[in-house]
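There are 2 protein chains.
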Amino acid sequence: MPERNVSKSVIKRLPVYLRILDQLIQRRVDMVSSKELSNESGFTAEQIRKDLAYFGAFGTRGAGYNTVYLRERIIKIIGLDKKIDTVVIGAGNLGTALTRYNSAKNPYVNVTAAFDRDSRLVGKKIDNIEIFDIEEAPRYIGGQDIRVAIIAVPAAAAQEAADLVVKSGVRAILNFAPVKLHVPEGVHVHNADLTIELQSLIYYSSAEEERNERLKKETKDGKSDKSFPLE
Amino acid sequence: MPERNVSKSVIKRLPVYLRILDQLIQRRVDMVSSKELSNESGFTAEQIRKDLAYFGAFGTRGAGYNTVYLRERIIKIIGLDKKIDTVVIGAGNLGTALTRYNSAKNPYVNVTAAFDRDSRLVGKKIDNIEIFDIEEAPRYIGGQDIRVAIIAVPAAAAQEAADLVVKSGVRAILNFAPVKLHVPEGVHVHNADLTIELQSLIYYSSAEEERNERLKKETKDGKSDKSFPLE
DNA sequence: TAGATTGTTAATCGATTAACAATC
DNA sequence: TAGATTGTTAATCGATTAACAATC
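Going down the list, the sequences are from chains E and C. Okay, so the first sequence: first residue is 759 according to our numbering, each after it adds one. Okay, so the second sequence: first residue is 759 according to our numbering, each after it adds one.
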């Protein structure tokens, strides 16, 4: 077996390497060292070498990695050697943006259809991608053998959407709805809740001293009957 | 000091707890156990208790957590007790969607302005949020004391956009552009590259056996002069 | 009180970092 | 060959899980 179960953290970094390699290849650079990949990615050179080593020995000692060859290997590893067909469930603002964005910016993915339950949207197109009624989804997904779906419906509709696509054969879901999806074993869900990303970032937007100030003040305000054990 | 430096993984989970508490409060539930939070979040109950314990003892043994009280503490911890003003840099498809999405779905955040360098967009509005010329950004961000910016410009323009907002006082950036941003110490960047999310998910969309099959075939094809050490 | 559930300490697990031999 | 950089093993670090005493 070429690989044992490689950790999620490793897999999440592979597309970053791929993106950098694509950029290097476009600039006609043909060799790259782990050090240079480190500069572009923000991961350490050691980590990059270790990540790649899970899948084989792709470099040349003393010289680095051939960009074209390494790119080829990575797209094979991820499974991007053929363009992947996906569908977007939900053709509201976010669904529309995701459909357009992936069509325009993601060279390894095709969005082949969008679905919505709003009959006013059905039949319309996002660029040249048609919006179908959500009822059509199982037949479409089954027929086209779609394995990957993007869910961009409101929270209340997300579980239903997930059940629908899973039943139709989808193996992996990129979920933009702010709920935990319950799916059968073997189906993978990545959450991309944009409000959560932003909120956790806000924690870091005030300096540490300010944060502590804020929290201390709260306890003194008498709004709280619990006190901090440390302090 | 109320908290030592708490790890990023912990901070990333806090908004998830917050979202669940908001939902519970809306349903007029007033107590919740770590077990129930676990069901809704997908994190283990032990982990949830430990996460919260970094900041204090917010629960009642035998009873669980008061939803309203715990929510109050979490929004204080993250720094969401006042609505946070943010700006969106880039008013293309993605920038527009993010502006709308955060206005509509993120109760803790205000998007107060969008910026673009395309003069055809300047002066227009996204819902009721005005699009200004990017040149106006420093004055606006400085004047309004904006600390958080969302970058949704093309890769080639992203570093320049980052430099601009950082110079103007921004402390935290949510970056949707597919490049690593170089920022001074103390400025926080979260990357939300949507193509990368989708690509790493694709790895899991084919069953393990298929993946191995694919990789084996490649080596036998003779396209490669390197062989896998294992197998 | 008895039952339930937190808060916290200890044990385990996994991921990152450091170091260096292999080798181009 | 000498210099450079990989691939890999060992050491460290950090995060998660397990266990349980505290206590409502």
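Using N, Cα and C, we set each Cβ at its ideal position, and we do this for glycine too. Just so you know, these numbers come straight off a predicted model, no measurement behind them.
Only those residues of the stretch 787 to 805 of chain E whose C-beta falls short of 8 Å from the nearest C-beta of chain C are listed: Glu798, Ser799 and Gly800. Think of a sphere of 7 Å around the beta carbon of proline 936 (chain E): the chain C residues whose beta carbon falls inside it are Arg777, in chain order. Around the beta carbon of aspartate 809 (chain C), 16 or more other beta carbons sit within 10 angstroms, so the residue counts as buried.
In the assembly as shown, proline 773 (chain C) is a buried residue. Its beta-carbon has 16 or more other beta-carbons within 10 Å.
For the pair serine 861 (chain E) and isoleucine 832 (chain E), the CB atoms are not nearer than the 9 Å cut-off. With contacts defined as CB atoms closer than 9 Å, aspartate 951 (chain C) and alanine 930 (chain C) fail to qualify as a contacting pair. In this structure, C:Ile899 is the residue among C:Ile899, C:Arg807, C:Asp788 and C:Leu922 with its C-alpha nearest to the C-alpha of isoleucine 842 (chain C).
Scanning chain E for C-beta atoms nearer than 7 Å to the C-beta of leucine 959 (chain C) yields Val906, Ala930, Leu932, His946 and His948, reported in chain order. Residue range 766 to 784 is occupied by the alpha helix (DSSP H) that includes valine 774 (chain C), with no beta strand (DSSP E) assigned at that position.
Every alpha helix (DSSP H) stretch that sits fully inside the stretch 839 to 911 of chain E and reaches 4 residues is listed by chain position as 851 to 863 and 895 to 902. In chain C, no part has a C-beta under 7 Å from the C-beta of valine 911 (chain E); the shortest such distance is about 12 Å. Between tyrosine 823 (chain C) and chain E, the shortest Cβ-Cβ separation is not below 9 Å. For alanine 815 (chain C), the secondary structure class from DSSP, reduced to helix, strand or coil, is coil. Burial is judged here by how many other beta carbons sit within 10 angstroms of a residue's own beta carbon; aspartate 903 (chain C) has fewer than 16 and is exposed.
Taking the beta carbon of valine 867 (chain E) as reference, the chain C residues within 7 Å of it are Leu956, listed in sequence order. Alanine 915 (chain C) sits in a helix when the DSSP states are folded into three classes. Put simply, the CB of asparagine 864 (chain E) is near chain C, with a gap under 9 Å to one of its CB atoms. For the pair alanine 915 (chain E) and aspartate 921 (chain E), the Cα-to-Cα distance works out to about 10 Å. Bounds of the beta strand (DSSP E) holding valine 947 (chain C) are 946 to 949. Nearest Cα to leucine 932 (chain E) within the set E:Thr825, E:Asp839, E:Arg785 and E:Leu856: E:Leu856. Around the beta-carbon of serine 767 (chain C), fewer than 16 other beta-carbon atoms lie within 10 Å, marking it exposed. Inclusion of tyrosine 859 (chain C) and threonine 825 (chain E) in the CB contact set at 9 Å is not warranted, their separation being larger than that value. Taking a Cβ-Cβ cut-off of 8 Å, serine 767 (chain E) has no neighbours in chain C, whose nearest Cβ is about 10 Å from it.
For tyrosine 823 (chain E), the uninterrupted beta strand (DSSP E) segment begins and ends at 822 to 824. A direct Cα-Cα distance of roughly 20 Å separates aspartate 780 (chain E) from glutamine 805 (chain E). DSSP places leucine 939 (chain E) outside both helix and strand once states are collapsed to three, so it counts as coil. One Cα belongs to isoleucine 769 (chain C), the other to serine 958 (chain E), and the distance between them is close to 6 Å. With a threshold of 9 Å between beta carbons, isoleucine 842 (chain C) makes contact with chain E. At a cut-off of 9 Å between beta-carbon atoms, threonine 854 (chain C) makes contact with chain E. Counting every other CB atom within 10 Å of its CB across the protein chains shown gives aspartate 876 (chain E) a total below 16, marking it as exposed.
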